[in-house]
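Residue numbers (this note's numbering), protein chains in the order written: chain A, 237 to 942; chain B, 959 to 1388. In this text, a Cβ means the ideal position worked out from N, Cα and C, and glycines have one as well. In what follows, a single structure is set out as structure tokens and then discussed.
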């Protein structure tokens, strides 16, 4: 970077050093920024320059920089800065600053008004969709209203211009849209009340619609921080939350909240949302891709509807998004390059695709292997095998490429041209370059064995395993493969032979000493089928020898991994080890082993208690206990009770007869005075006499009789 | 099994002896003779038997090379917030958490009487405050922040933000003493001096009354919800810790009378894995209870020199307990050894503390905080070395009786006798 500015304190110097080590360290930057704002612009300029190159999408930093320049009246510099940032950074505060700047500095010019209205027009065009753009609209309308004109023609022109601004404004969802609408109606009324009334009816619905969407917009974007500087993804919870809110907002815009038929408007709004989002999340490849994809899709939609021009524009814009992404912070992201290339390929612009791949491959500090492979695939699709070979040639000459390119090229030759020999030659060529790479050799072996070239395969095995260029650990995988191969095509003698040789190598690794049975398992297994149960396997000491091979057998129990358990399990209290407790205000000592409470009734009883009506529901009859007990004493129950009664469902009349024979011992609650009522007395007259209402039993019995 | 344990114990003792020996010989080697001799005297090592050696230095440098290979499994919370306080592994980690003195008041809410209780949700999106006037408020953190965002207020005075108080609950008859959010459901649990514990379902906007009530016989002082959300540990003005089964409303206690406290309880906290829970009492003790059997497994008696203990709090990994007492000292206890590791001193130096106050960690457990009553300011320490940090003036006109920190963001809430609850936040600087 450029020279280190002079810093007054050690703290700042350290912060500067931190930002040089990690250019997105916000803590350090905030210290530096605070200091820079108190400096004169001449010494702070280099700091700000670095700030805006590190965070080129953060409107707040640009604004600080420009304000600092404006304070010392460096208007030429300000102009240049605006040129650099304005169209790229759609930040409402930055744009407002721009308009203010034009207002303040150009007032002496003869073309002041034109300049200013141009500035407003420009701003509204670019950022009029912002939720906080009310002041822009309002100021612009006021500016036009205050123009002094002579002559009726000019007057008319003026009215038309103002009306146009208002009418555009009142259908844009934003904060304070109500005020704008009121101002507009006021404006129309001052010209002509009749027209105003007409306009009110005509535009009212659109305005209401916009107002509703404005409210929704506020709710959708709540919690969104539009001033967050764009930093590489860190996985912090706050960042995850922001990404979620942004995505929710974009999804909402895609759902066409304005319910308009104008596809262009919807696309524009979504595009604006994406642009806003990218200011904060420019290091997130998914946003870039989704933005481009959206434009691509809406371009397709429009072309289906027959709007060729708009479709073309959106298609171009999608390409621009990709272009910006890979020339911006994500210039090393292969995903975006490939997506961009595929997009251009779908538009049949092959030269562009070539340029994209070459651009990536030409970068210095990258691994171009995957890019070459994709490049070759594209070449085959678009231009045929000849072109693929050119690419492969280039890849071969590139010293950074790895073995995958050879495998890819060979298989492509085999699958596409159906020419075994070329593929064979490519594999041989690769083997010369990567004689010590087990993965490569494995791919070669796979190829040969699938061709049923048994002898060639065997020769290859022998060649690489005896060449001595592979490390012992690496050969284990190959030996396993060799064994499998012989198991499939060889005779028993050769199987045993290979197994012995493998055992020899394993012995050298000192891993499977004395586990001959474990090695035997390998002879009989097939894919994930094993000749023993998992428990037996474990007892034998069998473990997939080929740690290099990616086959993982889920049947063999592995160590518990704590990371996987998403839902943590908690220790739960065991109530059988505690004692139930019912807190009691008036505690009797000795009532419960633990002070301050008593034993609650057992669960079944407390359940019954909870089902019973509360005590205050009971208003009688009250029983005279002595009499009742006495009654029970004198009661002679029938001998064979059960069978007889159940026959008639338990509601036998006999039951009542039995009851009639005894003295009822009840106490009506009304006078709380207990008295003995003779059953016979009341029974005789129960047809005529009013029954005591509190005697529920009697009442029920009466109802039954009638 | 027992044999093995014993052996291990003996090995540990031996290793400790060896470590001291190494330290002494290293001190000799580096020329700190007097220090080495002093240390030798303290650990009863024959100083003459130790020769100067650089071995410790070599071992340390070797160990440091391999330390990162011993990886500790991190759970999701630790992954996002950092490992928290763990003195066994790292003593000087890089911290990105803001110092407590840098927090600012983001919102102030007012009750009609003294404010005494507050709680955060697990995700830190909502807070609840409770007051002596028996009312509870639930506030939305995002809205409080939006209300006070200096950028937003300055630039867009016309922007509409919803009111931060999203619910007001009114179902108790007396002071709200404690609040807890259910870990999964939209349920707020409140404890009160009217001896009731009430549960409010605040998912509906119209909720005012509780949908469930647990009736105790004593004034509820504190409670802690089991991390599964199915049980509740409750402390009252009595000495007995209760466990409530929320679904059946049944109450259970430890059956052994002599294991209980002898004075009124002030605070209870579950550890994050619910293996244990801790209580503090006015009898001056802190007790640790087994999460399964509810038996007392550890007692730190007279842990604040006999002063009433006002609060307990587990560190996230459950290895440490942070306690505060009426003596204005905050202490960190190691559970495995049962010792006080660190005492955070300096609060209460201006005037004696008369009311109870709570100590807390910040969300990354890099700092310990405790309100100083006489100056109504917040004392803060580095959690690992008890270094004093800058004071933060809390701006309350009465003692701060309760405070709680957000579990995942730089925010906390202070409740004071001046009827107000203040929401403090450290904004991202950019």
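Simplified DSSP state of residue i, which is helix, strand or coil
i: residue 568/A; result: coil
i: residue 1345/B; result: coil
i: residue 905/A; result: Interpretation of residue 905/A is limited by its pLDDT of 48, a score under 50 that renders its predicted location unreliable; the figure taken from the coordinates is listed afterwards. Looking at residue 905/A - three-state DSSP - the assignment turns out to be coil, as it is neither helix nor strand.
i: residue 1159/B; result: strand
i: residue 686/A; result: helix
i: residue 1366/B; result: coil
i: residue 914/A; result: Confidence at residue 914/A is low in this model, with a pLDDT of 42, below 50, so the placement of that residue should be treated as unreliable; the coordinate-derived value is given next. Looking at residue 914/A - three-state DSSP - the assignment turns out to be coil, as it is neither helix nor strand.
i: residue 768/A; result: coil
i: residue 1135/B; result: strand
i: residue 808/A; result: coil
i: residue 1211/B; result: strand
i: residue 1255/B; result: strand
i: residue 1318/B; result: strand
i: residue 1248/B; result: strand
i: residue 839/A; result: helix
i: residue 819/A; result: strand
i: residue 346/A; result: coil
i: residue 1299/B; result: strand
i: residue 1328/B; result: strand
i: residue 1060/B; result: helix
i: residue 244/A; result: coil
Counted within 10 angstroms of its Cβ, other Cβ atoms place residue i as buried (16 or more) or exposed
i: residue 853/A; result: exposed
i: residue 244/A; result: exposed
i: residue 740/A; result: exposed
i: residue 1024/B; result: exposed
i: residue 1287/B; result: buried
i: residue 366/A; result: buried
i: residue 476/A; result: exposed
i: residue 677/A; result: buried
i: residue 519/A; result: buried
i: residue 471/A; result: exposed
Identity of the residue in the options nearest residue i by Cα
i: residue 460/A; options: 843/A, 441/A and 483/A; result: 483/A
i: residue 635/A; options: 658/A, 612/A, 601/A and 614/A; result: 601/A
i: residue 435/A; options: 448/A, 420/A and 445/A; result: 420/A
i: residue 506/A; options: 362/A, 492/A, 764/A and 518/A; result: 492/A
i: residue 308/A; options: 319/A, 273/A, 293/A and 339/A; result: 273/A
i: residue 1224/B; options: 979/B, 1333/B, 1284/B and 1385/B; result: 1284/B
i: residue 1267/B; options: 1236/B, 1296/B and 1252/B; result: 1236/B
i: residue 810/A; options: 1302/B, 1202/B and 1242/B; result: 1202/B
i: residue 651/A; options: 558/A, 683/A and 756/A; result: 683/A
i: residue 606/A; options: 621/A, 641/A, 595/A and 665/A; result: 641/A
i: residue 336/A; options: 496/A, 379/A and 765/A; result: 379/A
i: residue 1175/B; options: 862/A, 867/A, 831/A and 860/A; result: 831/A
i: residue 1184/B; options: 1204/B, 1196/B and 1195/B; result: 1204/B
i: residue 1344/B; options: 984/B, 1008/B and 1045/B; result: 1045/B
i: residue 979/B; options: 1016/B, 969/B, 1009/B and 1101/B; result: 1009/B
i: residue 1133/B; options: 1103/B, 1362/B, 1150/B and 1126/B; result: 1150/B
Cβ neighbours of residue i in the same chain (closer than 8 Å, five flanking residues each side left out)
i: residue 797/A; result: Interpretation of residue 797/A is limited by its pLDDT of 35, a score under 50 that renders its predicted location unreliable; the figure taken from the coordinates is listed afterwards. So the list is empty, once near-sequence residues are dropped.
i: residue 1070/B; result: 1089, 1091, 1093 and 1377
i: residue 761/A; result: 767
Contacts around residue i, its chain only, beta-carbon distance under 7 Å, and the 5 residues preceding and following it disregarded
i: residue 1058/B; result: 1320, 1325, 1327, 1336, 1338, 1347 and 1350
i: residue 592/A; result: 573, 576, 577 and 580
i: residue 1072/B; result: 1089, 1090, 1375 and 1377
i: residue 537/A; result: 499
Cβ neighbours of residue i in the same chain (closer than 6 Å, five flanking residues each side left out)
i: residue 1124/B; result: 1096 and 1098
i: residue 1113/B; result: Because residue 1113/B carries a pLDDT of 49, less than 50, the predicted location of this residue cannot be relied on, and no value is offered for it.
i: residue 1305/B; result: 1286, 1328, 1330 and 1337
i: residue 198/A; result: Outside the shown range of chain A, which is 237 to 942, sits residue 198/A, and nothing can be said about it.
Query raised in the report: At which residue ranges does the region 378–428 of chain A contain complete alpha helix (DSSP H) runs of 4 or more residues, listed in the order of the chain?
Result: Inside the region 378–428 of chain A, DSSP marks whole alpha helix (DSSP H) runs of 4 or more residues at positions 388–405 and 413–427, from first to last along the chain.
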